[in-house]
Each structure stands twice: as C-alpha cells, then as structure tokens.
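In what follows, a structure is listed as structure tokens, so that the remarks can point back to it.
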C-alpha cells in the first residue's frame, strides 16, 4: 500500500458520512465499489461499523467483537453477523488470538474509500460549508 498523508486522511474521515450517504442514494450497478456499497446498503449498522473500522485502520488499531458491540451500541449477534458478512465480501480481516478476535478493515477497503473521497473531496467540502 502506498504511503498515505495522515493529515489528509483525517480530513477525509470528517466527510466519510458523505460517501456513505452517496452510496445509499445511488444504485450500485457496475460501480467499482459495488461490493462495498452492497454491504453498506444493507443497514445503518454496517455504515456505523465501516466508519469505526476505517478510523481504527488509520490509527493502526483493531477491534474485538465486544469492542465493536460497545462502540456501535448493538447486540453481539448483530456484530458477529455483520462482520462475518463483511469478511466474506473481503471488507475486513479477522485474526484470532488466544484471547480474542482482532477485526481490521482491509487495505483495499481503505483504499477504495480514499480513492472515492479523493475524487470527490472538493465537491463534498463545498457542500458542507
């Protein structure tokens, strides 16, 4: 993965919700990020989990199921179901240690979100102003 400007990414995180709203309003069709959009469109919970996972990815951190459950304020079964599906789609990696699961967004998930935000940053920023 290429080196990423952390300050720029912090600004991107501030408008990640715009990306998620864009995906929600536009049909998936043949877009490059269709796999990401498909998962996002299934529920608000998936959108919330994506934001949490992207923030953790930028900080070099991971979440356990219980940490995601607490951060998103949802049930453990809901977290497990959403993360299992995200893993099947290649959105997240799950590594199991002796004590817990470590859940991280994949590099590709981060790159796809960043690429879209990079292409649309100016127009999104002007909408927020």
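Numbering (our numbering), first residue to last: 1437 to 1565.
Using N, Cα and C, we set each Cβ at its ideal position, and we do this for glycine too.
Distance check between residue 1536 and each of 1489, 1494, 1486, 1499 places 1499 closest, using alpha-carbon atoms only.
Pairing residue 1510 with residue 1484, the inter-Cα distance amounts to about 10 Å. Counting the other CB atoms within 10 Å of its CB gives residue 1513 a total below 16, which places it among the exposed residues. Annotation for residue 1481: the continuous alpha helix (DSSP H) segment containing it runs 1480-1494. Excluding sequence positions up to five before and after residue 1529, its CB lies within less than 7 Å of the CB of 1540, 1542, all in the same chain and listed in chain order. Counted as a single uninterrupted DSSP element, the alpha helix (DSSP H) harbouring residue 1519 occupies residues 1512-1524. Residue pairing of residue 1529 in beta bridges, as defined by DSSP: 1540. Residues 1512, 1515 of the same chain have their beta carbon placed closer than 6 Å to that of residue 1505, with the five preceding and five following residues left out of the count. Listed in chain order, the non-local C-beta contacts of residue 1475 below 7 Å within the same chain comprise 1482, 1521, 1522, 1525, 1527, local neighbours out to five positions each way being set aside. Secondary structure note for residue 1497: it is in no alpha helix (DSSP H), with a DSSP letter that is neither H nor E. When DSSP states are grouped into helix, strand and coil, residue 1473 belongs to the helix group.
Restricting attention to 1493, 1538, 1486, the CA atom closest to the CA of residue 1508 is found in 1486. Only residues of its own chain outside the window of five on either side were considered, and among them 1481, 1482, 1485 have a CB closer than 7 Å to the CB of residue 1518, listed in chain order.
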